[in-house]
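K.L.:
Count the sequence shown with the working numbering and you get residues -13 to 803, in order. Think of the CB as a built atom: it goes at the ideal place given N, C-alpha and C, for glycine as much as any other residue. Given the structure is predicted, the values throughout are model-derived calculations rather than measurements.
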Amino acid sequence: MNKFSLVAILIMFSLFANSQVKNVNPNKNAEPWLLGGLRIPSQEEINKIPVIKKSYEKNAKDLPSSLDNSQKDYFRPIFSQTDGCCAQASGVAYNFTYEMNREKGTSADISSNQFPTHYTYNFLNNGDGGNGSWLFDGWEIISANGCPNVDTYGGLADNGAQYWMSGYDNYLSGKSNRVAEIFTIDVSNEEGLITLKHWMYDHLEGANDGSIVNFAAGISEGDYEITSDYKIIKWHNVANHAMTFVGWDDNIEYDYNNDGNITTDIDINGDGIVNMQDWERGALIMVNSWGTSWADGGKAYVMYKLLADPIEDGGIFSNKVYSIKVKDAYTPQLTMNIKMEHNSRDKIKIYAGVSSDVNATEPEYTIDFPLFNKQGGAYDMRGTTADPIEITLDITPLLNYVNSDSNSKFFLLVDENDDAGTSSGQIYDFSIVDNENNETICSDHNVTLLNNDVTILSVSSSVTFDYPTITTENLPEAEVNKPYSQELSAEGGQAPYKWAVKIDYLEDDLSETFPTATSQLTPNDNDDGFATKSLQFSFPFYGKEYNELYLSTDGSIIFEPEFSFIRSEDAIKGARVISIFASDLMIYPDDGDGIFYSGDENSATFKWKTSLYGNQSANIEFAVTLFPSGEIRYYYDSADDGLTWAAGISNGDRANYVIYSNSGIYNPDNERAKFTTIPFPIGMSVSEEGIFEGTPSEAEGSWDISFVVTDYNNISKAKQLTFTTSPLSVNELSENNVNVYPNPFNSVVDFLYTLEERADVNLNIFDVTGKCVKSIYKNNKNSGTYKLSWQPSVPAGIYFYKFDINGKIKTGKLIFN
-13 MNKFSLVAIL
-3 IMFSLFANSQ
7 VKNVNPNKNA
17 EPWLLGGLRI
27 PSQEEINKIP
37 VIKKSYEKNA
47 KDLPSSLDNS
57 QKDYFRPIFS
67 QTDGCCAQAS
77 GVAYNFTYEM
87 NREKGTSADI
97 SSNQFPTHYT
107 YNFLNNGDGG
117 NGSWLFDGWE
127 IISANGCPNV
137 DTYGGLADNG
147 AQYWMSGYDN
157 YLSGKSNRVA
167 EIFTIDVSNE
177 EGLITLKHWM
187 YDHLEGANDG
197 SIVNFAAGIS
207 EGDYEITSDY
217 KIIKWHNVAN
227 HAMTFVGWDD
237 NIEYDYNNDG
247 NITTDIDING
257 DGIVNMQDWE
267 RGALIMVNSW
277 GTSWADGGKA
287 YVMYKLLADP
297 IEDGGIFSNK
307 VYSIKVKDAY
317 TPQLTMNIKM
327 EHNSRDKIKI
337 YAGVSSDVNA
347 TEPEYTIDFP
357 LFNKQGGAYD
367 MRGTTADPIE
377 ITLDITPLLN
387 YVNSDSNSKF
397 FLLVDENDDA
407 GTSSGQIYDF
417 SIVDNENNET
427 ICSDHNVTLL
437 NNDVTILSVS
447 SSVTFDYPTI
457 TTENLPEAEV
467 NKPYSQELSA
477 EGGQAPYKWA
487 VKIDYLEDDL
497 SETFPTATSQ
507 LTPNDNDDGF
517 ATKSLQFSFP
527 FYGKEYNELY
537 LSTDGSIIFE
547 PEFSFIRSED
557 AIKGARVISI
567 FASDLMIYPD
577 DGDGIFYSGD
587 ENSATFKWKT
597 SLYGNQSANI
607 EFAVTLFPSG
617 EIRYYYDSAD
627 DGLTWAAGIS
637 NGDRANYVIY
647 SNSGIYNPDN
657 ERAKFTTIPF
667 PIGMSVSEEG
677 IFEGTPSEAE
687 GSWDISFVVT
697 DYNNISKAKQ
707 LTFTTSPLSV
717 NELSENNVNV
727 YPNPFNSVVD
737 FLYTLEERAD
747 VNLNIFDVTG
757 KCVKSIYKNN
767 KNSGTYKLSW
777 QPSVPAGIYF
787 YKFDINGKIK
797 TGKLIFN
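(1) How about T106 and I128: are their beta carbons less than 8 Å apart?
(2) So which of L385, Q361, F516 and D373 has the shortest CA-CA distance to T321?
(3) Determine the contact status of S550 and I544, defining contact as a CB-CB distance below 8 Å.
(4) Leaving out five residues before and five after A641 in sequence, what residues of the same chain have Cβ atoms less than 8 Å from its Cβ?
(5) Is the CB-CB distance between R62 and D195 below 8 Å?
(6) Among residues of its own chain, excluding the 5 on either side of T662, which ones have a beta-carbon nearer than 6 Å to its beta-carbon?
(7) What's the C-alpha gap between T83 and Q100?
(8) Measure from the alpha carbon of A481 to the alpha carbon of each residue in G339, K313, N403 and W631, then state which is nearest.
(9) On the criterion of 16 or more Cβ atoms from any shown chain inside 10 Å, does P469 qualify as buried, or is it exposed?
(10) For T696 and P575, I'd like the C-alpha separation in whole angstroms.
(11) Assuming T230 contacts S76 under a Cβ cut-off of 8 Å, what Cβ separation, rounded to an integer in Å, is found between them?
(12) Here's the rule: buried if 16 or more other CB atoms are within 10 angstroms of the residue's CB, otherwise exposed. What is E425?
(13) Would you list the one or two residues that DSSP bridges to D48?
(14) Can you pull the DSSP bridge partners for L571?
(15) Tell me the residue span of the beta strand (DSSP E) that contains Q506.
(16) If we ignore side chains and look at the alpha-carbon of each, how far apart do S510 and A517 end up?
(17) Tell me, to the nearest whole angstrom, how far the beta carbon of L598 is from that of L571; I am working on the premise that it is less than 8 Å.
(18) What separation, rounded to the nearest whole angstrom, lies between the Cα atoms of A228 and V449?
(19) Which same chain residues end up closer than 8 Å to D639 when comparing Cβ atoms and leaving out the 5 residues on each side of it in sequence?
(20) Using the beta-carbon count (16 or more within 10 Å), is H431 buried or exposed?
(21) Count the other C-beta atoms from every protein chain shown that fall within 10 angstroms of the C-beta of L357, then say buried if there are 16 or more, exposed otherwise.
(22) Among L800, F789 and K796, which residue has its Cα nearest to the Cα of P846?
(23) Considering only their Cβ atoms, is the gap separating G676 from L474 smaller than 8 Å?
(24) Ignoring anything shorter than 4 residues or poking outside the stretch 627 to 665, list the alpha helix (DSSP H) runs there in chain order.
(25) Tell whether a beta-carbon distance below 8 Å holds between G560 and K34.
(26) Assuming F592 and I581 make a contact with CB atoms under 8 Å, what is their CB distance in whole Å?
(27) With S360 and D404 assumed to form a contact (beta carbons below 8 Å), what rounded beta-carbon distance in angstroms separates them?
(28) State the Cα-Cα distance for the pair E459 and F709, rounded to the nearest angstrom.
(29) What is the DSSP secondary structure of R681, counted as helix, strand or coil?
(30) Residue ranges of each alpha helix (DSSP H) run of no fewer than 4 residues wholly in the stretch 189 to 226, ordered along the chain?
(31) By how many angstroms is the C-alpha of E177 removed from the C-alpha of Y42?
(32) Could you have a look at W19 and say whether DSSP puts it in helix, strand or coil?
(33) Taking Cβ positions, are A811 and D626 nearer each other than 8 Å?
(34) Unbroken alpha helix (DSSP H) runs of length 4 or more, entirely within the stretch 125 to 166: which are they?
(35) Comparing alpha-carbon positions, which option in L443, A633 and E126 lies nearest E555?
(36) Would you say the beta carbon of G268 comes nearer than 7 Å to a heavy atom of the ligand PLP?
Take a look at the structure:
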């Protein structure tokens, strides 16, 4: 094996094993190769980020055998990072810079088109350049409040690890530079690799230019291996560095098993499966933030195999890559200017609120920010000087709670957490500024912050702003079991628009005894596992029907056969879930712990008797009952006091959810609640582009649906429209003509039909979007009784059949478990 042995580097790793950030360049007179300072996110944080699973969109192009986006004008020159900012170096200085220049069609060679590492990093490092951050951390700051360019900020990192920028104009200059979406791609298999390539090649939209992604891996100790021709063939088993993938080359090879052959179809790792972990051909092109002296001008190849390998076997962290979509022309509709000081900025949180009542003394609604939020270490607000800081915050989201041209009250809130009373600060000035530069100044100045309390200032103002309006007046009637599609329309605000539906669950009190459930289910793991249970009815949940559910050992009902780390209210909002007692739980069978079930065609009850992970003596017992109507009931029998837990119901889109009013309370013993929702037509959904579509399954139905449109500036408005389905056609076939059994079914469903005379027969199967997934039969038959069968090769779920005999139709729903 011809490896590039970095002996001096490995010695450095041994000498500085306990250092947060270390220079691993053996040439101390050259640019540093700084390693460390990466904050590893929890699995819960990763799970809440949307995963792109499609391999390509309909306009995607054929893929070349190689591509290098670092050669594009949008990619900034390779640089050497300062401090432990690798996540911001890769996520902001490389990725965000690339995406913004791609969006604008500009060149990243000049500093005014580049974005700094330390604007975001300094909110995340606790004032210490040895501390780290994660990719999402910086992107969320930019999403909420923009990002200045390198010129405005004063270099990539030239002002050090404590510096916070000051100046209203400086913040305003970056307000239009926004992260619009954060997503991940699972690259543990070939489908994910193809998805990644399409993102790099055509942005998953058939565009002329693609983009780049970020990832994390371990570059330390003896397990990290790079060859003399700069192929990384193995990472260390602890991720400690964030980097960037810019392209690929299908022709890069490495003979892992030393058999003299380069193969992709032999089980070289001996696990009995041939997959991407066995590939010896193909690599991604990686760019580091260690300057051009590292590897091949700052770049190296990473074998495809390492995307799929577990991290303990030398793979990348989480087998996922991460990237963003951006906005380049966002216009804040309302901002807040604050001039203030505080001598320990890590003790204060700045947030904003609004009330439609101008006489209110506190806000009805508030918004938080991922910056100026108990961050930056025990320093003055500017970090490097005690002078007051001037900051501007985008408070446009508050306009979703008020009407244009109506008088409302806007609040600045500063929450100080200072039990010892050792810190102090004051607000010199506070104002709000609308999109026409009209400023409303607070009459209170030089206000001393309340110690260990929330200081509130307010102004009343009538803000004029442009907002989107849904112009669709009504929805055409739909035919049951037939594909339906209707485009929604809007005007006002700033296009493009994004569409969604709002489905609310209402919480009510419940007085019932704790239910019994005695049939024990078997999870696949007593810690971080789930049990599977089929229902005797279809359970409707956010527009879909389910006949099989998964019961997490961590106290939730999930809807996919994959364990999810759901243990907080924030995680609930980002997951499709019913969480009754979401916490880090564990089943100890010797103590009688377990998940239990009882049910029939009228209801399904699930009970958890469990303990905490690492604390077998903890006692926790709770239950949930589901009904065919969609009603959900929570029951709490007993739980040790003071546990950390959360409860709620969520669609996973961070828009449709309800957090249980008693979520996380100190003692939930004997608490009860029920949740009901307005029915939503099964099989229907609305796309982000505003297409309301699907195949309705209920005849003569009527639903009041709340559609929500959000414009480019994140201002949303809703409108309720009524959706109806027509009665069954008089041309329907009777039950005497067609029989379908069994239904629900596990493997094969049979269609028994009788012809009274010779007839043309057609049988087709459709999915919930109206797409024909199988044409089973199309022919002319003599009179008699016949049987057709369907053995699906599609995923389990809800499907519809359409039987056509000489123009007479029978349609119905199929439940494939």
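P.N.:
The short version:
(1) yes
(2) L385
(3) yes
(4) A486, K488 and V694
(5) no
(6) L492 and E617
(7) 5 Å
(8) K313
(9) buried
(10) 49 Å
(11) 5 Å
(12) exposed
(13) BP columns for D48 are empty, so no partner.
(14) L598
(15) S505 to L507
(16) The sequence shown places Asn at residue 510, not Ser. About 6 Å.
(17) 6 Å
(18) 43 Å
(19) A486
(20) exposed
(21) buried
(22) Because the chain in this structure spans residues -13 to 803, residue 846 falls outside the shown range and cannot be described.
(23) yes
(24) none
(25) yes
(26) 7 Å
(27) Reading off the sequence shown, one finds Lys at residue 360, where the question assumed Ser. That belief does not hold up - the Cβ atoms of K360 and D404 are roughly 11 Å apart, past 8 Å.
(28) 11 Å
(29) Note that residue 681 is Thr in the sequence shown, not Arg. It is coil, neither helix nor strand.
(30) none
(31) A caution first: Y42 carries a pLDDT of 47, below 50, which makes its placement in the model too unreliable to give a value.
(32) coil
(33) With the chain running from -13 to 803 in the structure shown, residue 811 is simply not present.
(34) 136 to 139 and 154 to 159
(35) A633
(36) Because no ligand of any kind appears in the structure shown, any question about the ligand PLP cannot be addressed here.
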